[in-house]
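Heads up, the thing below is written out as structure tokens.
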Ligand code: MRU
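In the numbering used here, the protein residues as written are 20 to 370.
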């Protein structure tokens, strides 16, 4: 198993609250924040204090525990408690719309609420334990993804990635960056090119930070540069994460991923998606059904609080795009690398 030197724990249940790295202030400051109420968790997910599909899944599960603790203090009947908590869980699942891991993890908590035979304090404890279990599983799954993915990384490869699908997008280790970590552990000549990832610069702010913390050679490029370097033969493969994958393999990820995938196809560079099975939404047939989050005007008009355009210019800011399955060489999961035909290989992975 590959070694993960930086040991970042992005989110963790501690005592009676959820502790997480505040990702809005990276890379200037590395600080933890304690989230103590359900509403604080909703806001932390929405404002991206915690971000990345698997990390917001765990955050959503913790958020349900926080709501449960608040309702426990209200002296409700068991029936009232369950009914109120299910409503709060549904609300938590609306904090961001695209990453299906959030809905998946909240659903897991709802199943406990609905099926538990315990009294109120027993339900709260079961939810807490499930949140902790999801944390542990996330790291184990990422290590499996990393080790499967490392098998397709050529010796000495330069791997391009977009956005941050690393330790800070998960509980730890990462999905796409888990592949990088496992590959690097076997072959220290592996290198990374990280796209800046406008508008929120997760590639620049977060990916370069966590990879350099682990001593992995990393070069930061701006989003428009990838085809230039592919044409020069300087990129051997692309690995990105995903926020939701449809039954046919279409994969939603941070805006700009689709452009990278088209450039990769044109230049014969293999383009891989690394994601846990909890990112695959088998209830939708294709990427056309994925809801794309619309984000604020300020993310585009400003960088670090400074305006970078004419103040009155029109802005559109979709947070994600969908890479069609034809452009994807493989989906690296904890059950192995799924290959086309994805309708078949995804169905088999869930069988
Ligand atoms: O808006 P973000 O920062 O939450 O978007 C994150 C991404 O798009 C990641 O690539 C994706 O969640 C995969 S994380 C392992």
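All residues carry an ideal CB built from backbone N, CA and C; glycine is no exception. All values derive from a computational prediction rather than experimental measurement.
Handout entry: Residue ranges of each beta strand (DSSP E) within the region 99–183, 3 or longer
Key = 177–180
Handout entry: Under the three-state DSSP convention, the category residue 328 falls into
Key = Position 309 of the chain shown holds residue 328. Note: residue 328 maps to coil in three-state DSSP.
Practice task
Please determine, among 316, 300, 315, the residue with the shortest C-alpha to C-alpha distance to residue 309.
Solution key: Reading the chain shown from its first residue, position 290 is the one you call residue 309. Among 316, 300, 315, the Cα nearest to that of residue 309 is on 300.
Exercise for the section: Return yes when the C-beta of residue 236 is under 7 Å from any heavy atom of the ligand MRU, and no when it is not. Expected result: Working through the chain shown from its first residue, we reach residue 236 at position 217. No.
Practice task
Measure the CB-CB distance between residue 198 and residue 176 and report whether it falls below 8 Å.
Solution key: Indexing the chain shown from 1 puts residue 198 at position 179. Indexing the chain shown from 1 puts residue 176 at position 157. For residue 198 and residue 176, no; Cβs fall outside 8 Å.
Practice task
For residue 67, verify whether its CB is less than 7 Å away from any heavy atom of the ligand MRU.
Solution key: Counting from one through the chain shown, the residue named residue 67 turns up at place 48. Under cutoff, so the answer is yes.
Practice task
Figure out for me which residue from 339, 267, 118 has the closest Cα to the Cα of residue 277.
Solution key: The sequence position of residue 277 within the chain shown is 258, counting from 1. Selected option, being the one with the closest Cα: 339.
Handout entry: Inter-stretch contact (C-beta, 8 Å, three-pair minimum) for the region 255–268 and the region 178–185
Key = yes
Handout entry: Sequence-distant residues of the same chain with beta carbon closer than 6 Å to residue 152, five excluded per side
Key = Start at 1 with the first residue of the chain shown, and residue 152 comes out as number 133. Excluding residues within five positions, none has a Cβ falling inside 6 Å.
Practice task
Pull up the CB-CB distance for residue 67 and residue 81, whole angstroms please, since I reckon it's below 8 Å.
Solution key: The sequence position of residue 67 within the chain shown is 48, counting from 1. The sequence position of residue 81 within the chain shown is 62, counting from 1. Incorrect: roughly 16 Å between the Cβ atoms, too far for contact.
Problem - Residue nearest to residue 101 in terms of C-alpha spacing, selected from 367, 119, 140, 118 - result: Position 82 of the chain shown, counted from the start, is the residue given in the question as residue 101. Ranking the options by Cα distance to residue 101, first place goes to 140.
Handout entry: C-alpha distance - residue 194 paired with residue 184, whole-angstrom precision
Key = If you number the chain shown from 1, residue 194 lands on position 175. If you number the chain shown from 1, residue 184 lands on position 165. Spanning the two alpha carbons is a distance of roughly 6 Å.
Exercise for the section: Kindly identify the DSSP beta-bridge partner or partners of residue 185. Expected result: On the chain shown, position 166 is the one that residue 185 refers to. Note: residue 185 sits in a beta bridge opposite 193.
Practice task
Spatial neighbours of residue 365 within its chain, please: CB distance less than 7 Å, with the 5 preceding and 5 following residues excluded, ordered by chain position.
Solution key: Position 346 of the chain shown, counted from the first residue, corresponds to residue 365. Closer than 7 Å at the Cβ level, and outside the excluded window around residue 365, lie 266, 268, 299, 301, 357.
Exercise for the section: Determine, using beta-carbon pairs with one atom in the region 84–94 and one in the region 51–60, whether at least three such pairs fall under 8 Å. Expected result: yes
Problem - Contact test: residue 48 Cβ vs the ligand MRU heavy atom, cutoff 7 Å - result: Translated into positions along the chain shown, residue 48 becomes position 29. Result no, Cβ not under 7 Å from the ligand MRU.
Problem - Contact check, residue 126 vs residue 105, beta carbons under 8 Å - result: The sequence position of residue 126 within the chain shown is 107, counting from 1. The sequence position of residue 105 within the chain shown is 86, counting from 1. Not a contact, by the Cβ cut-off of 8 Å.
Handout entry: Beta-carbon proximity list for residue 167, same chain, < 7 Å, skipping 5 on both sides
Key = Along the chain shown, read from residue 1 onward, the residue named residue 167 stands at position 148. The answer, listed in chain order, is 351, 355, 356.
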